[in-house]
Structure formats: C-alpha cells, structure tokens
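Colleague: Below you will find the structure I want to go over with you.
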Amino acid sequence: FALESQLDCIRRCQVNSAIRTPNSMRPLCDLSRDELVQWCHSHSQPAYRAAQIWRWLFGKRISNFESMCDVSGQCRQQLAQEFVLFSTKIVERRTARDRTEKLLVELCDGQHIECVLMRELGRRTVCISTQVGCAMGCVFCASGLLGLKRNLSTGEILEQVLQLDRLLERNEKITNLVVMGIGEPLANLQALIPALNALHDNFGLGLGARRMTVSTVGLPDKIREFANVGKPYTLAVSLHAPNDELRNELVAVNENIGIRSILEATDEYFKKTGRRVTYEYVLLSGINDQPTHAHQLIALLKPCNAHVNLIPMNLVESLSFDKPTERKAQQFADILNRGGITTTVRKRKGADIDAACGQLRLTQESSFRT
C-alpha cells in the first residue's frame with residue numbers, strides 16, 4: 282500500500298474504537314479513574330468508591346462485581362446494571378515448555394486478538410495487541426496477512442493485561458509490559474495512552490513508565506506525539522533493514538516515510554524523554570543478515586544513542602522466509618557490538634505454541650475460512 286491508503290484504512294477502522302453488539306454493556310476498563318469518580322457522583326456514591334472499585338479491578342483478580350466485598354451492595358448492583366468486568370473471552374489458551382502462555386481472545390464483535398505472558402527469573406512480562414490486524418505491510422509478519430479490521434478500545438487493551446494477570450500464581454505479579462502484539466500501537470494512541478495511564482496509576486498495577494515498552498514500525502508524527510505525553514516510556518522501532526531500498530521491500534509503509542525521517546523523530550524522542558530508543562531488527566536468512574548489512578547498520582545508528590535487539594525470524598507456515606542459524610545471528614550481533622552499537626539477540630519464548638505475533642489468530646481465522 283501507499284502510506285495514504287494505509288492511513289485511510291486505519292481511519293475507516295476507527296469505528297469509535299470498539300464495535301459493540303446491541304445487547305453488550307460497556308467494559309468497566311473503558312473508564313479512567315476520573316471518569317469512575319464522575320460515575321460515582323452521578324449515582325449518589327461517595328468519590329472514594331472509585332478508588333475501591335479501581336483496586337478491586339486491577340489488584341484483586343476478581344471475576345464478578347459481587348466479590349467487591351467492601352463496596353456497598355447498592356453500588357455493586359449499579360455497576361452490574363451498566364458494566365461488564367470483561368467484554369472479551371478467552372477462546373484458546375496455550376502453555377509452552379518454558380511456561381510462556383498465549384491467549385487467543387475473542388472480542389464482543391467476534392474478532393480475535395492475541396496476548397502473551399512470558400515468565401523469566403524475577404520478571405513477568407505481558408505482551409498485548411492494540412488493533413485487530415495491521416496495515417503496515419511487513420511482509421514477514423503474520424499479524425497483517427488478513428489486513429486491518431479496526432482499533433481496540435482502551436478497555437479491550439486493558440482487559441488483555443487483566444486476563445493475563447489472572448493466570449499468575451498468588452505470589453506472582455506483572456513486572457513489565459510490551460506493546461508488541463497485533464497492530465501498530467502508535468496508530469491507536471487515543472486508546473493506548475489512557476490504558477498506559479491506568480497501568481501506571483498506583484491504584485492500577487503501578488507499573489513504572491520505564492517498564493513499559495511501545496513498539497512502532499516508525500510513524501514520525503506519531504513518535505513526536507508520543508514524546509509529548511511526557512512520560513519516559515521505552516520506544517522500540519521495528520527497523521528490519523539498514524537502508525531504504527531494502528526496507529521498502531520488507532516494510533511497505535516505509536516507501537513514503539524513509540529511515541531518515543524516522544531517525545529524526547526518534548532523536549527528538551530521546552531528547553524529550555531521556556530514554557534510549559531500541560531498534561528491533563528481524564533477521565531474515567539471506568535477505569538482511571549479511572555482514573554488509575551489519576556494517577551499514579553501524580553507519581546508520583552510530584550517531585544515535587541506540588540499542589539494537591536482533592530477532593531471529595519466527596517461521597510462519599504461509600510465508601517463505603526463514604531464520605538464520607544461531608551462529609550466524611550471533612556473528613551479526615558481534616559485528617554490531619564491535620562497531621559500538623549495543624546489541625542483544627532476543628531469546629525466543631514460547632516457540633512450541635506459536636507465541637509469535639499473529640500466528641495463533643492467523644490459524645484460527647484461516648480455519649473459519651475453510
């Protein structure tokens with residue numbers, strides 16, 4: 282697609298963020314804490330009820346309003362008449378050998394998204410989606426193969442976190458958030474920012490801004506808008522190529538943007554937030570994983586305060602791309618590190634359960650079509 286066509290597609294899919302069926306009620310997560318205070322006032326409830334409800338919603342892993350034992354019965358009844366705790370439902374849950382868990386989640390209009398819980402020593406990281414499908418045109422990614430359907434609402438974004446939180450043991454808690462699931466997060470900032478604010482809120486999960494990473498294909502104006510939020514979230518740019526010629530082939534939206542414009546925007550992001558930008562680079566065997574590409578990447582990013590995260594290609598059955606060997610991936614990383622670019626190779630999580638972005642949804646949707 283041309284960039285204009287993709288952005289038109291995004292605008293057409295913003296149908297008031299979430300589409301609801303006629304009989305569906307509003308997800309409680311759609312309300313900010315301030316809006317919840319206003320709701321309490323309009324229902325003759327004291328303002329402090331909002332904090333109580335918020336704590337139950339985010340901190341107690343409840344499954345119904347009746348469990349809010351210190352909230353008055355009248356208030357619980359009012360909540361149940363107007364809201365649902367979860368407008369989404371889990372239709373498939375997979376657990377990998379490394380204890381990574383992936384959920385296929387059905388939305389109220391029958392669309393599907395994915396979210397993932399990753400367990401590591403001292404960390405519990407959740408990865409969430411922001412759109413149903415994607416319009417960015419990355420040729421190696423399963424997320425966009427079925428096109429973009431619509432944006433998620435704030436509530437639908439938050440419910441993924443809460444659904445994953447309820448998979449944890451009592452002594453476990455979410456420590457990190459990565460917005461790297463299905464969709465382009467910066468194309469849905471109007472719903473994403475309130476969700477991040479709720480998770481950052483001490484009455485919510487209390488996650489530090491530095492523990493939340495938002496990934497983007499690289500939309501310069503949106504990167505600047507995100508910087509103006511004024512919080513030091515970590516920004517990750519899905520670069521995947523060291524030059525425009527190759528990136529145009531791999532990331533369709535780049536043709537009308539260009540790497541230079543992205544780097545100018547990320548430089549402003551660093552100056553405004555003080556947060557070093559991470560550049561994600563999916564290694565595709567024989568395409569962008571040669572020593573020449575590594576040296577070009579060094580020249581491109583050397584002026585930046587950059588960190589490169591190399592990601593071996595996650596195999597998708599319907600795509601012809603392959604991943605390099607572990608040895609070749611490490612050689613690529615070694616060249617970058619020797620060239621002064623801090624580089625890591627991402628450890629694969631949940632490989633045996635199709636935990637990579639979009640794979641489980643693609644399988645589900647494809648089965649519906651056959």
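Using the working numbering, the final residue of the sequence shown is 651, and nothing's skipped along the way. Glycine included, C-beta positions come from ideal geometry on N, C-alpha and C. Fair warning: this is a prediction, and the values are worked out from it, not measured in the lab.
Does the separation of the CB atoms of residue 394 and residue 436 fall below 9 angstroms?
Modeller: Along the sequence shown, one-based indexing puts residue 394 at 113. Along the sequence shown, one-based indexing puts residue 436 at 155. No, these two residues do not count as a Cβ contact at 9 angstroms.
Colleague: Could you compute how far the alpha carbon of residue 418 sits from the alpha carbon of residue 330?
Modeller: For the purposes of this step, residue 418 is taken as the residue at position 137 of the sequence shown. For the purposes of this step, residue 330 is taken as the residue at position 49 of the sequence shown. If I take the Cα positions, the gap works out to 45 angstroms.
Colleague: Measuring straight from C-alpha to C-alpha, what distance separates residue 383 and residue 326?
Modeller: Numbered from 1 along the sequence shown, position 102 holds the residue referred to as residue 383. Numbered from 1 along the sequence shown, position 45 holds the residue referred to as residue 326. Whole-angstrom Cα-Cα distance: 39 angstroms.
Colleague: From which residue to which residue does the beta strand (DSSP E) around residue 626 run?
Modeller: Walking along the sequence shown from the start, residue 626 turns up at place 345. Segment 623-626, the beta strand (DSSP E) holding residue 626.
Colleague: What number of angstroms, rounded off, separates the C-alpha of residue 308 from the C-alpha of residue 374?
Modeller: Within the sequence shown, residue 308 is the residue found at index 27, counting from 1. Within the sequence shown, residue 374 is the residue found at index 93, counting from 1. So the two alpha carbons sit approximately 22 angstroms from each other.
Colleague: Select from 403, 542, 336, 501 the residue whose C-alpha is nearest the C-alpha of residue 455.
Modeller: In the sequence shown, residue 455 corresponds to position 174, counting from 1. Comparing Cα-Cα distances from residue 455 to each of 403, 542, 336, 501, the minimum goes to 403.
Colleague: Name, in chain order, the residues that DSSP records as bridge partners for residue 394.
Modeller: Counting from 1 along the sequence shown, the entry for residue 394 is found at position 113. Partner(s): 386.
Colleague: In the region 432-469, which residue ranges form an unbroken beta strand (DSSP E) of at least 3 residues, counting only runs that do not cross its ends?
Modeller: 457-460
Colleague: Enumerated in chain order, which unbroken segments of the alpha helix (DSSP H) with a length of 4 residues or greater are wholly contained in the region 457-545?
Modeller: 470-481, 501-508, 525-531
Colleague: With distances taken Cα to Cα, identify the nearest neighbour of residue 522 among 515, 511, 444, 539.
Modeller: Numbered from its first residue, the sequence shown carries residue 522 at position 241. Comparing Cα-Cα distances from residue 522 to each of 515, 511, 444, 539, the minimum goes to 539.
Colleague: Does residue 431 pass the burial test, meaning 16 or more other C-beta atoms within 10 Å, or should it be called exposed?
Modeller: Looking up residue 431 in the sequence shown gives position 150. Burial call: buried.
Colleague: With 16 as the cutoff for other CB atoms within 10 Å, does residue 349 come out buried or exposed?
Modeller: In the sequence shown, counting from the first residue as 1, residue 349 sits at position 68. With 16 or more other Cβ atoms within 10 Å, it is buried.
Colleague: Any idea what DSSP makes of residue 587, helix, strand or coil?
Modeller: As a first step, residue 587 is located in the sequence shown; it is residue number 306 there, counting from the start. Here residue 587 sits in strand by DSSP.
Colleague: To the nearest angstrom, how far is the alpha carbon of residue 678 from that of residue 492?
Modeller: No answer is possible for residue 678: it lies beyond the span of the chain, which begins at 282 and ends at 651.
Colleague: Should residue 365 be labelled buried (16 or more other beta-carbon atoms within 10 Å of its own) or exposed?
Modeller: Taking the sequence shown and counting its residues from 1, the one referred to as residue 365 is at position 84. Burial call: buried.
Colleague: What's the gap between the Cα of residue 422 and the Cα of residue 352?
Modeller: In the sequence shown, the residue the question calls residue 422 occupies position 141. In the sequence shown, the residue the question calls residue 352 occupies position 71. Their backbone Cα atoms lie some 46 angstroms apart in a straight line.
Colleague: Taking the CB atoms as reference points, tell me whether residue 535 and residue 581 lie closer together than 9 angstroms.
Modeller: For this step, residue 535 is matched to residue 254 along the sequence shown. For this step, residue 581 is matched to residue 300 along the sequence shown. For residue 535 and residue 581, no; Cβs fall outside 9 angstroms.
Colleague: Using 8 angstroms for Cβ pairs, my map puts residue 317 next to residue 335. What's the rounded Cβ distance?
Modeller: The residue labelled residue 317 in the question sits at position 36 within the sequence shown. The residue labelled residue 335 in the question sits at position 54 within the sequence shown. Correct: roughly 6 angstroms between the Cβ atoms.
Colleague: Which residue marks the beginning of the alpha helix (DSSP H) containing residue 321, and which one marks its end?
Modeller: On the sequence shown, residue 321 is found 40 positions in, with the first residue counted as 1. It spans 314-323 - the alpha helix (DSSP H) in which residue 321 sits, taken as one unbroken run.
Colleague: Going by beta carbon distance, what residues of the same chain come within less than 6 angstroms of residue 368, once the five residues before and after it are set aside?
Modeller: Along the sequence shown, one-based indexing puts residue 368 at 87. Only 308, 389 meet the Cβ criterion.
Colleague: Please name the residue, chosen from 345, 588, 503, that lies closest to residue 614 on a Cα-to-Cα basis.
Modeller: Indexing the sequence shown from 1 puts residue 614 at position 333. It is 588.
Colleague: By the 10 Å Cβ neighbour count, where 16 or more other Cβ atoms means buried, how is residue 547 classified, buried or exposed?
Modeller: Here residue 547 is taken as the residue at index 266 of the sequence shown, counted from 1. Residue 547 should be labelled buried.
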